[in-house]
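Colleague: Residues in the sequence shown are numbered consecutively from 1, following this note's numbering.
Sending over a structure as structure tokens; questions will come in a sec.
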Amino acid sequence: MLARPEAISDMQAATVWYFGDDHEVYCALQARLPHTLAWGDTGRRLNDIAEQFTDDFVNLADRFDVADWDWWESRNIAERGPLSSTFTTECCRMILFGKCLDRKGSNVFICDAGDLARVLLEEARRRGTPATWIGKGTIAQAVELIAEQTTAALRFARVAIRRIGRLRRLRALRRARPVPLDRLRRCDILFAAWTVPGDFPSPGPRDVAHYMGALPRELRARGLTVGFLALPLDWIGDGNAINAHVAAADEAVFLPDDAIGVGDIVAMAARALFSRAFPTEDLRFSGQPLASVARMVMRRERFDWRAVNARLLAGVGSYLAGNGIRPTTVFHVYENQTWEKGLRAGLRRALPDVKIAGVHQSPFSKLYLNMLPSRVELSTGRWPDIVFTHGARSRRQLTSTGAPDDRVIDAGLFRPSAFVLRPVPGARRSGRLIIATGVDFHECCELVSKASQAAARAAGDWQVIANFHPAAAPAFRTRLQQFLAAQPGNSANIEFVERPIPDLLKGGAAAILYADTNAAFEAVSSGAQAINVERDHALSFDKLADGLARRLYTVDEIALSLDELTDEDAWPSRNDVALALNDCFSPADADKILSVLGLALGNAGGEPLKVMEEK
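Have a look at this one:
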């Protein structure tokens with residue numbers, strides 16, 4: 001039986017599988033549906049399936065007929081990131097659906113998304129399995145689909161119009177403050193760095209880059225001339241304000257929009273709308289056909305502007321070449337996202353002798369599949385020449401899945417204030433639990449609800465503190481508190497604060513409860529134990545190394561772990577934590593970066609780099 005949540009009526013005994021992301025709906029369904037129904041452990045199964053088929057997801061391009069590789073690599077589905085595309089999650093749901101059909105028994109599948117429900121129904125019919133649809137009729141479904149696509153198209157057009165307007169305003173700014181081409185031509189290194197107003201101080205220079213830390217300062221201190229490609233963080237700050245800030249900077253810096261025209265925006269937006277890659281019929285994992293899922297996801301993502309942004313960034317390469325700007329190396333944050341791929345593709349075509357270095361300065365979950373290079377990326381030169389990681393563990397994560405040993409270098413952590421705090425004496429005896437929330441509302445609902453219920457059930461009198469992420473809007477905060485107030489069994493002493501996690505940890509904490517946050521590293525370094533609260537109906541993305549945290553699903557599991565917090569032998573020792581953190585984060589070593597780049601640039605004899613000789 002396939003159903004939308006609002007269409008469920010009386011049902012007999014069966015297993016219910018919730019295929020959706022809305023935790024409020026999930027909790028309401030559990031309260032409303034008959035207690036004779038059993039609830040499947042959807043989240044646990046999805047995580048197991050995603051891990052089982054990691055290699056298949058990473059090498060997804062092998063199962064597609066790709067007519068235009070630039071088009072393909074600009075798409076969210078090709079990025080493979082579970083946070084940018086629904087493809088990984090929906091494939092795991094389809095595989096779980098197939099496993100349920102293979103077993104005897106009655107199942108109810110509740111789908112938030114009508115298109116997923118239709119794909120599952122088609123799969124059941126293909127198998128010859130009796131299935132009943134409870135939901136909207138054919139006409140209502142068609143109207144819904146048309147409305148969704150129309151809304152997405154209008155949103156796409158609005159973004160294009162705003163981008164054109166922003167480009168024209170930048171052109172006006174450039175009449176008074178032209179791009180400092182002469183200074184850029186003298187640069188040895190270019191950093192493609194995320195930028196908000198205030199990042200280029202007056203007087204300069206800019207010494208740090210978001211997610212790359214102090215690396216610009218370290219390379220400049222070693223005699224290199226550093227310039228910037230300023231990538232606007234326009235989902236955090238106003239794009240026009242960022243452009244104005246960059247244009248006014250007294251530094252060797254330019255913007256992606258300096259490299260394009262209105263015609264480029266129109267052309268790339270038009271090209272993005274017509275598919276240039278198609279799933280093959282052998283797109284199946286362990287025998288389960290998934291081409292229908294791929295087509296569904298590609299329809300969802302047809303009007304996604306990220307693809308246009310990625311294609312536009314390819315213009316940076318020809319802009320540099322056309323203006324005689326030839327740095328020895330271009331550095332960018334490494335997360336293997338679509339924008340990076342677009343930037344690399346343009347540089348490869350226009351400046352094939354320029355080295356491209358990815359800088360990886362933030363831990364990643366094993367299910368951040370976008371981080372892992374595919375066979376196609378490595379064989380066709382679409383991966384960076386070098387990726388510098390922040391520690392031995394992240395280097396192993398990349399090389400163990402196919403990245404060449406000589407192209408992944410542990411150069412250490414250049415973000416000295418991130419991830420690791422000083423130990424707090426007596427932290428584990430403080431009686432405090434800290435809940436570290438993020439920016440995903442439904443993830444926060446599940447995390448805080450489970451944590452507070454567990455604290456209420458556990459022995460002892462716990463002080464439970466939950467922080468709000470700085471990016472959480474007031475409406476987000478109010479809605480979360482209203483949701484918690486409506487849930488039974490929540491802890492009465494939960495306290496919401498707006499202080500950052502490192503500040504809260506200074507007062508000590510027995511444990512941190514979290515879903516997906518780097519604050520877990522700060523917590524274990526301060527002396528707290530870590531409990532990763534996994535999702536009931538979604539993928540989980542813990543970044544801590546195996547063994548540092550307990551990964552738990554249920555309230556009872558969490559409550560039992562809280563009762564064991566006083567048992568030092570039941571948890572990682574301080575020495576275990578220190579060894580794991582040292583494996584994650586190495587001391588920053590800018591000299592190693594220079595040495596590696598010198599070898600890559602033909603200085604195997606150990607001679608100084610050309611740019612060092614000029615100083």
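All residues carry an ideal CB built from backbone N, CA and C; glycine is no exception.
Residues in its own chain within less than 6 Å of aspartate 589 by CB, not counting five upstream and five downstream?
Modeller: Around aspartate 589: Ala411 and Gly412.
Colleague: Residues in the same chain with beta-carbon distance under 7 Å from tryptophan 69, minus the five sequence neighbours each way, listed in chain order, please.
Modeller: Nothing meets the Cβ criterion.
Colleague: With DSSP as the reference, please indicate the residues paired to glycine 213 in a beta bridge.
Modeller: DSSP lists Ala209 as partners of glycine 213.
Colleague: Buried or exposed, going by whether 16 or more other CB atoms sit within 10 Å of the CB of serine 525?
Modeller: That one is buried.
Colleague: Mind checking whether leucine 215 and phenylalanine 414 have CB atoms under 8 Å apart?
Modeller: Cβ atoms of leucine 215 and phenylalanine 414: closer than 8 Å.
Colleague: Per the contact definition of three or more C-beta pairs closer than 8 Å, is the segment 69-80 in contact with the segment 341-356?
Modeller: Output reads yes: the segment 69-80 touches the segment 341-356.
Colleague: If you scan the segment 182-206 from start to end, which runs of the beta strand (DSSP E) of 3 or more residues do you find wholly inside it?
Modeller: Whole beta strand (DSSP E) segments, 3+ residues: 189-195.
Colleague: Output the residue ranges of the alpha helix (DSSP H) runs that lie fully inside the segment 40-95 and measure 4 residues or longer, sorted by chain position.
Modeller: Qualifying alpha helix (DSSP H) stretches, in chain order: 42-52, 54-58, 69-73 and 76-79.
Colleague: With the cut-off set at 8 Å, would you say arginine 75 and glutamate 281 are in Cβ contact?
Modeller: Contact: no.
Colleague: Runs of 4 residues minimum, wholly inside the segment 86-163: which ones carry the alpha helix (DSSP H) assignment?
Modeller: If we require 4 residues or more, the alpha helix (DSSP H) runs fully inside the segment 86-163 come out as 87-102 and 114-127.
Colleague: What are the start and end residues of the alpha helix (DSSP H) that includes tyrosine 334?
Modeller: That residue, tyrosine 334, is in no alpha helix (DSSP H); it is neither H nor E in DSSP.
Colleague: Expressed to the nearest angstrom, what Euclidean distance is found between the alpha-carbon atoms of arginine 177 and glycine 227?
Modeller: The alpha-carbon atoms of arginine 177 and glycine 227 are separated by roughly 17 Å.
Colleague: In angstroms, rounded to a whole number, what distance separates the CA positions of isoleucine 356 and valine 333?
Modeller: So the alpha carbons of these two residues sit roughly 11 Å apart.
Colleague: Just mark threonine 150 as buried or exposed, buried being the case when its beta carbon has 16 or more other beta carbons within 10 Å.
Modeller: Burial call: exposed.
Colleague: Measure from the alpha carbon of glutamate 420 to the alpha carbon of each residue in Ile134, Lys506, Phe53 and Ala78, then state which is nearest.
Modeller: The residue asked about is misnamed: residue 420 is valine in this sequence, not glutamate. Ranking the options by Cα distance to valine 420, first place goes to Lys506.
Colleague: Expressed to the nearest angstrom, what Euclidean distance is found between the alpha-carbon atoms of isoleucine 95 and cysteine 111?
Modeller: Straight-line Cα distance between these residues: approximately 15 Å.
Colleague: Report yes or no: do the segment 47-54 and the segment 363-380 share at least 3 C-beta pairs separated by less than 8 Å?
Modeller: Flag = yes, the segment 47-54 and the segment 363-380 touch.
Colleague: Going by DSSP, what residue range makes up the alpha helix (DSSP H) through phenylalanine 441?
Modeller: Per DSSP, phenylalanine 441 belongs to the alpha helix (DSSP H) from 441-457.
Colleague: Please state whether DSSP places arginine 396 in a helix, a strand or coil.
Modeller: Looking at arginine 396 - three-state DSSP - the assignment turns out to be helix.
Colleague: Using the beta-carbon count (16 or more within 10 Å), is threonine 138 buried or exposed?
Modeller: So threonine 138 ends up on the exposed side.
Colleague: Go ahead and label glycine 460 buried or exposed: buried means 16 or more other beta carbons lie within 10 angstroms of its beta carbon, across all protein chains shown.
Modeller: Exposed is the call here.
Colleague: Work out the CA separation of glutamine 529 and phenylalanine 585 for me, nearest whole Å.
Modeller: If I take the Cα positions, the gap works out to 19 Å.
Colleague: To the nearest angstrom, how far is it from the Cα of phenylalanine 156 to the Cα of isoleucine 146?
Modeller: Straight-line Cα distance between these residues: approximately 15 Å.
Colleague: Name, in chain order, the residues that DSSP records as bridge partners for arginine 432.
Modeller: Paired residue(s): Gln463.
Colleague: Taking DSSP as the reference, what is the three-state secondary structure of arginine 4?
Modeller: Per-residue confidence for arginine 4 stands at a pLDDT of 49, beneath the threshold of 50, marking its modelled position as unreliable; no derived number is given.
Colleague: For chain D, check one thing: does any of its Cβ atoms lie closer than 8 Å to the Cβ of arginine 103?
Modeller: The structure shown contains no chain D; it is built from a single protein chain.
Colleague: Measure the alpha-carbon distance for arginine 44 versus asparagine 532 and round it to whole angstroms.
Modeller: Taking the straight line joining both Cα atoms gives about 13 Å.
Colleague: In chain order, what residues of the same chain have a beta carbon less than 8 Å from the beta carbon of aspartate 563, not counting five sequence neighbours either side?
Modeller: The residues are Ala458, Ala459 and Gly460.
Colleague: Buried or exposed for leucine 447, please, with buried defined as at least 16 other CB atoms from any protein chain shown within 10 angstroms of its CB.
Modeller: Buried.
Colleague: Can you grab the Cα-Cα spacing for the pair alanine 418 / glutamate 498, in whole Å?
Modeller: Each residue's alpha carbon lies about 19 Å from the other.
Colleague: If you draw a straight line from the alpha carbon of phenylalanine 331 to that of alanine 244, how long is it in whole angstroms?
Modeller: Looking at the two C-alpha atoms, the distance is approximately 23 Å.
Colleague: Name the residue from Ala392, Asp207 and Pro416 whose alpha carbon lies nearest to the alpha carbon of glutamate 522.
Modeller: Closest by alpha carbon: Pro416.
Colleague: For the beta strand (DSSP E) that contains threonine 389, what are its first and last residues?
Modeller: 386-389 is the extent of the beta strand (DSSP E) around threonine 389.
Colleague: Would you mind listing the alpha helix (DSSP H) stretches within the segment 545-598 that are 4+ residues and don't spill past its ends, in chain order?
Modeller: If we require 4 residues or more, the alpha helix (DSSP H) runs fully inside the segment 545-598 come out as 555-563 and 574-584.
Colleague: Given a threshold of 16 other Cβ atoms within 10 Å of its Cβ, counted over all protein chains shown, does isoleucine 236 qualify as buried or as exposed?
Modeller: The residue in question, isoleucine 236, is exposed, as its Cβ has fewer than 16 Cβ neighbours within 10 Å.
Colleague: Would DSSP call glycine 381 helix, strand or coil?
Modeller: Coil, per DSSP.
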